[in-house]
Every structure is written in C-alpha cells, then in structure tokens.
Amino acid sequence: MLHEGRPVPLSPSKGKAREETRWRTGWWDFTPLLEHTQKPLVWSEASILFFAHPTRLDVIGRHFSSSKQFLISPPPLVNSSSSQFNPPSFISIAPGDGYLFVFYPGKTGNSVGCIWKRGPRIDSWLIVDCWEFAKFTYPVAAEWLGSPRTWHLDATGSASRLPLRGPQTPVSDPNLLYITSDHRANLCYLEHYRQLRVISCSLDQNGATSGVTQLDETISKHVSRHCTLASIGLAYSEPSIIVATRLRSLPSQFSHEPQFSNLPVNSTDSTSSVNEWEIWGEEDVINLCELRLQFDGTPMWRPSSSDSSTTPLGLLALHTNALPPIQCSTHGIVNLTIVSSSQNISSISAATVQDRTVFHMVVTCLDFGDYTSTPKSELIIHSFSRLGPKLDKSSDQIFWKIREEARRSFYPEVLCFSSPFFTENKDLLCHVGIVRTSGSIPKKGRARKVEIGYIKVLRLPDLSDDDSWQPSTIWSTTDRLGQELPLTIAVSQNGVLVNTVSAWLPHASVHSLPKRKSSISDISIPHHSLALTSAILLGKCTSDISHILSLPTVSMNDIVNILHRAVQLLDRHDNGVLHRYTPNFMGFIIEICRYACKTRMQLHSLEDEKENLEQYSRTLFDILSLKAFNEAFEECREDDGNPDFQSIWYLIGLSEFIVHFVENLVKECILWCNPGNRDAHSCNSMRLPTLNAPSLLPLAHPYALENVCKAVSHVAKLRAYIGTLPAGGEKEGIAKSVLLDLVDCSGIDFAALDALLADYYKELAVVNADDCRLSLASCRPVTSMYPLLSKILRRIDGLKGLNKPMLFIKPMDLVDGVQQLSLAFEKKEIEMDAILKKPLAKQAPESVCVRCGGTSLLGVDLSDSKISIKWRMWEKTQMPRCVCYGFNVKANPVLQI
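Position one of the sequence shown corresponds to residue 1 (our numbering), numbered consecutively onward.
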C-alpha cells in the first residue's frame, strides 16, 4: 500500500509514539516534472525573481537578497474581465532586463500575452502592447532575438566580445520568438514608430510566413497533435534557429466539448474510435525544425481584398525547414534544452565551415515504469553538425547531421534539473541537480537543515564528471523533508546561486552552485573574482556574489584577495578611462559589508568586526556621495563657470555635507599629529587614529582624493561666488548668510585647503598602482602609502588659517551638552536622505536602494517647473541608481500578497 505521509517510519510504533527516523519520497512527488505543471520562475540580471501570484493575476517581483517586493498588475485588456483569466502561467525576461513577457491563460475564451518595457527603476514597468491567443493555446518556450553582444572573461582575465547569438534583427526591438501548444512558431516584434506585429508559421511543414497572423478561432479546436514541451536553440555566429518539440496525440475533439452527444448515437465509427485510442498519448519522437529569419531591407506587400492596391506586411519573414525527427523510446521526457556548441564561439561564421558542431541538445528523461517505485532518470546528449552551407533556399535538402553523443543514468537517485553553462575557457559544462529518495531524520534540536541531494558539474557532450568543480549541497528544512524538492529552478544572473521551488510548497529555497576547487598556484584567478569582474563589466546586479562572499564560512582575508584580483581585472579593461569601474566596485564592497554585518552577527557576536565593517561601508559611501555631489555642482553651473543661482539652495544643502565631511577628516589629521595634546580622559574614551585607519583612505587612494579635491574646490568657489553677491534681495541675503555661517564657522580655510590638496594629488601619482588597488580592496591605506600619508597629515595640521578651537568646539555641542545633563534627555535618531543628506522628517521617501538600503526623496519633484531645470536633470540621472550604484525601487509600494 502506498504511503501517504512524509516522513515515513520504517516500522510501526507500539505504545508511546516513537519519533520518525527516516524520510522517503514517492514516485508521485516527481510527477509535476512529467506533467509540466511547474510554476513560472525567472531570475533577471537585476537580481529580480519574477513569479506568478498563486491566486491573482499579478506578477510578483522580489529582489534578491534585499527581499524588496513589487507587483506588476495585469494589463487593462485582462483586468477589465479578470474573472475570465487564470494567474499567469508563462513568464520570460529579455537579456538586459529591457522587456518582460507574461502570458495570461483564459478560462474559457481567448488568452492574452503582454510585453512590458522597464522604466527608470527596476520596479517600474510600462506596457508595450498586448495581443490575444487562440482558445486553449499557450506558449511552451520562448527566446528573445537580437540581444546585444556580451563580454566574456577567460581564465587569465582577458575580456573579449562574444559573437552575435542567433539571427540579426536590425530594424525591430523587441523580438520575441515563442512556440505555442498548437505546434507553431510565432515571432512578435516591434518596428520603430509602429505597432506590434505577430507572424506565425507551422512547424510541421516547410514554408515561409511574413504576413500578420489573424487570430484563428478553430486552430485549437480540431488539432490532433498537442505540443507539450519545446526548446529554441540559438547559437553564436549562426543565423539558423533549431526548434525541438515533444508532441502528444489527442482526440480530434478537445475535452472541453460535450462528452456525450444527443441521441440517436451513430455506432458505425466505433472501430475507428478504438483505433484512435491506441495512438493517443506521447509520441515516441522528438520533432525538429530549422527556422530562418529573413530581412532584406525592403517591405513586403500583399494585394488588398477591397481593391487592386497593396498593403504593407512588414520586413521580416519566417522560413521553416522540417528536419527528420529523433527516435526516442522513452516516454517520460521532462525537459529539452538546446545550447550553442563551444566550437561555435569564434569570429569565424559557422555557416562557412563544414562538419562543425553548432548545437547540443540536452534531454532529461524520467521513466516511471508501472508507477510503483522510484522513477529512473536519464540524461541524453545529441549534437547538431552542419554538413555545408545551404545555397538554395527553395530546396528541401537536409544539411544538418544529428547524432547521439552520450547518455547517463542516475538511478537510484533522481535527476531533477539540468542547466548547461560556459566556463571561462569557453568549455561547455552542465549543472545537474540530483536528489536522494530517502535519508535519516536528525533528532530534535540537532540540525535545522538536512542534506537531501547535491549539485555537480558534468562535461558536455560526454557527460563525464568534471572533478575540477566541488559539488554543492541541496538542503531541506527538517519539517519539509521529502516535500521540498527542486522541481522548478532559476539560476542567478552571475551563475553562482540557484533558486528552487517545489510543486507542493510555496516556499522557495536558494542553494549555492558548485565552485571551482582552489588551485595551489598563486597566479590563478579566483572564480568569484572573474564572476564579479564580468558582472561589473556587463552592468549586472552583484547581489548573488555578495551573498556568497558575506557568508561566515568565507574569511576576511579571502574576501580581500578576491576583491584585489577583481579590481586588477577591472583596471585592465578600463579602455584608457582611469577609474572607470571603481565607483561600482566600491558599491559592491558596501554591499558585502552590509550583508556580512547581518550574517556574521547572527552566528558570532563580534562587535569589533561589526564596527570595522560599518566603518568600511561608511567611508566608501561618503566617497561615492562626494562623487555624486561633484557631478551636481558641474551640472548646475552657468557657461561662465559660476553656479546656477536657481539651484543655489540645493548646492548649499550639498555643501553642508561636504563641510562636515572635511571637518571630520581634518580632525583625524590633527589627532594623529598631536596625540599628546588630549587629556587622559579623552585618550581613554577615543581611539587614536592610525595610518591604516579606514577614515584616512580618502587621503591615501587617488580616486578618493580626487573627489575630495573636487568637493573642496566646489565649496571654495561657491563661497567666493556667494560672497560677491549684493545683499539687495531677500533670497540672496539669506543664502549668503547660511553659506558664510556654514563655511566660515567650520574653522577651515577651504581656499587654502584646496591649494594644498591639489599639490598633494600630484605627489600621490608616485604610489604603486597595485598598492592603490589593495588599499581599495582592504578599505584602508597600505604600508607603502604611509610616508606620503604622514606628510599630508602634517601639512593639514599646519594649514594656514586653520582654527582648531572652532573646529573641535561647536556652539551646538555646548547646547547639546547642557541638554544631556537632564536624565530625561534622549537623543532621537533622525532618518537621513541617503543621497541628499538631509532629514526626511515626516515626508515619505520616494525610493530605496536595494544595495545599501538607503532611502531618498530624490525624484519627487521632477515635474515641478519652479525647480531649476539643471538640478532636475541631475536628479533624473540619479533616479535609476543610488550613489552606491545599487538599483533603486519605490520605497513604499502597496503590496497585498
């Protein structure tokens, strides 16, 4: 008798209830793979997990790992009759996160597909267009054509651009190719300044289609072959597209029609009905078809039905060439994946080379047998080789050679997923997730997680184990053993994590993917250094990498080494632009510090380490804030170089942060140069600054010092400009008083400090470049910087016009000191704007950064004509990303999930 619960005890208990000691899965736990009922799940390059709401028509976007969520509501075409639709069943994201496709299945009528375009924030999506699908048809697979060429880093850190993947699409964007359940290929594309077009062609026969497809109400009503599984293959330097499909033979009438007709019943067709029953079910072949996208630069025309005039059809056409099917006796095919061959990643066009492997097809099979035991899983690899260029497009000549390369069984364990990927050396490998079917249950209180499987790396196409990769573990919580199976997966944008979802539980799990085994060679580049460099070069979100590096199992020395090697690679690819990727790299360190404070403090109460991480993050964030403010000063100025007077109040607000930052920096210099001038009480309550203190990094690193110099110069020029204004107008008088009080009461002569730092910046050029990279990776000055650093500290200590008493003792400090004598005094923490550096007060913030967590009002008044256009332009450039180069989302989205 089949067991119904999990975990399952091995023997019955007598008397007092005994704890279950074993967990076990049944064959039914894996049936969602065969029935293709997995939930839609995609992981975008901005680290957004898109999935469907379980009961409503919304798409949920959740950022990893900040857990910020937002909803994408259905389009008006669906929302106006929401009761006629089911929740989204298919989601696809375009490379670069520019577009999103969602399919809304109709309950009884036509279904709807919709394409969104991303706005300035990662949670703002605008509808491009919607179109209807025929009844009971739905997308099975989809690919985006015309994606830009991407960068690839090899094992030595050298970057090169990969060839174009798939056919060219020079006049349309987006271009969505999808296969529907009626076994048709559909191309949805948008030409510039035109409406969305959809062209469709059958995969069962050869031909070409260029016209706009009209919705056919009978297309799914009498279809006898139903496509249940499909894969679209795009290869580098290859214009042809290979489509593999799995079909199921169905009755000529769908089950939604009446099962019994009115009497009298005609029984003359009973024999043919019996014969039809014998052929129903999964076909024993994998159908193949070649697609080619034609574009000749001239519009195509068709005669109009009303008169002799012509009607434009468009510039694109789909050509189909049916290929011989692959015989496959296994009926339990659960996944098809067609991937470009590693031989095809070259500058030579594959169309000019004969007998060259262009594609590999990975087939995952599950054989349930008689449905009484664990299914047997198998992986099969097929290769597609071009025999030669096809010159005659009208010919039906077959020019593809298809052969089986290898197959591998995983019994008694079960293969749940496979995911091919390319390595740094452009080798084609495959992640496979393997689950055990039983195991021991730990005793209560001993472990919260239990290993239920593992992920390892196989070589393609021979399916042998790659021992250079260390397998990773698939975990499950003790209360979900046997239920939390990784049936639906999404790989992170940088290929270091995988998100898994079970068919039975709404809970999602995140697992680490295998990583390369550490090499004994000191010259080898760490795997995560290459992944980080590639992510920054491509502009991807780095949260999955920071999640891995912030784990307590990774030491701080390992993190510094990984960061050091990454910044070396970034500087190699700056194309002559000094510090081109340094700001984004600094933002990544801020992200690691933030995550590490959370993960490490949960396991270890290391207050000193937490304080260091917070100081690293604060120092780097201040430097990036100076960079953003320098851009604001440069944007808000007139042609003569003077500040824009309409933006003067905003510039004064930025100057307040700069003045306070410079005050703290100068205090550090004075305290280091005069350690004996403080009394014993001060020495016990304050820590003496050292030359390797993170707070002195702005004076040691060239990029940081450059931004400090610019900020000091901007404040000095603004002070000089305000001082020349006549005191006639009220606005001018107030602005003059505020800025003069701010700068002159700081105790620092900004004009003199500007000249001093400018001279020192030239001297800093002699510091070794790699030492500068190491100081940035470790967030503190290194030993080789000490001589120059000590020199500038003494120069600042002896700066002309430096008023030390005024610098250290502020009037507000004296007032606060009197207030603190009261026992009832409690200093309130005021939430500050992360970008504008002013109190948020009672105003609701407009945006929040998913990297640093900072909130801001920036972008609220972009349409206010009373605000300077130059200031609004700067605000617009800051809206998509925070000063730490993290993505912004709306601060308080209305969520009812």
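Glycine is no exception: its CB is placed at the ideal position from the N, C-alpha and C atoms.
Asked	Found
Residue 794 beta carbon less than 7 Å from that of residue 673	yes
Cβ contact check for the stretch 42 to 58 and the stretch 446 to 461: 3 or more pairs under 8 Å	no
Chain B within 7 Å of residue 651, Cβ atoms only	Chain labels in this structure do not include chain B; a single protein chain is all it has.
Nearest-angstrom beta carbon gap, residue 336 and residue 358 [assumed within contact, 8 Å]	With a Cβ gap of about 17 Å, residue 358 and residue 336 do not count as contacting.
Boundaries of the beta strand (DSSP E) in which residue 92 is found, first to last residue	90 to 93
C-alpha gap between residue 559 and residue 62, whole angstroms	27 Å
Three-pair Cβ contact test at 8 Å for the stretch 550 to 568 versus the stretch 170 to 185	no
Check whether residue 431 and residue 440 have beta carbons under 7 Å apart	no
Contact set for residue 328: own chain, Cβ-Cβ below 7 Å, skip 5 residues either direction	284, 285 and 286
Cross-strand partners of residue 327 (DSSP beta bridge)	285
As assigned by DSSP and simplified to three states, the class of residue 750	helix
Contact belief for residue 515 with residue 657 at Cβ below 8 Å, rounded distance in angstroms	Not a contact, Cβ separation roughly 41 Å.
Proximity of residue 547 and residue 65 at Cβ, strictly below 7 Å	yes
Close-in-space but distant-in-sequence residues of the same chain around residue 581 (CB under 6 Å, 5 per side omitted)	536 and 570
First and last residue of the uninterrupted beta strand (DSSP E) at residue 173	172 to 180
Given residue 77 as reference, the closest of 87, 714 and 132 once Cα atoms are compared	132
Residue 955 and residue 477 closer than 7 Å at C-beta	Here the chain covers residues 1 to 897 and nothing more, so residue 955 does not appear.
Under the three-state DSSP convention, the category residue 455 falls into	strand
With 16 other Cβ atoms within 10 Å as the buried cut-off, status of residue 805	exposed
For residue 404, the first and last residue of its enclosing alpha helix (DSSP H)	Element bounds for residue 404: not the alpha helix (DSSP H) but the beta strand (DSSP E), 400 to 409.
Pick from 843, 579 and 654 that is closest to residue 770, judged by C-alpha positions	579
Residue 698 classed as buried or exposed, judged by whether at least 16 other C-beta atoms fall within 10 angstroms	buried
Cross-strand partners of residue 42 (DSSP beta bridge)	50
For residue 375, the three-state DSSP class (helix, strand or coil)	coil
The stretch 457 to 473 / the stretch 481 to 488 touching (three or more Cβ pairs under 8 Å)	no
When 574, 81 and 246 are compared against residue 330, the one with the closest alpha-carbon	246
Simplified DSSP state of residue 106, which is helix, strand or coil	strand
DSSP-derived helix/strand/coil call for residue 588	helix
Proximal residues to residue 655 (C-beta, below 7 Å), its chain only, five neighbours per side dropped	715, 718, 739 and 742
Residue burial classification, residue 611 (beta-carbon count within 10 angstroms, cutoff 16)	exposed
Status (buried if at least 16 other CB within 10 Å, exposed otherwise) for residue 834	buried
Residue burial classification, residue 91 (beta-carbon count within 10 angstroms, cutoff 16)	buried
Helix, strand or coil at residue 790 [DSSP, three-state]	helix
Reduced DSSP category for residue 551 - H, G, I as helix; E, B as strand; rest coil	coil
Strand pairing of residue 237, partner residues [DSSP]	BP columns for residue 237 are empty, so no partner.
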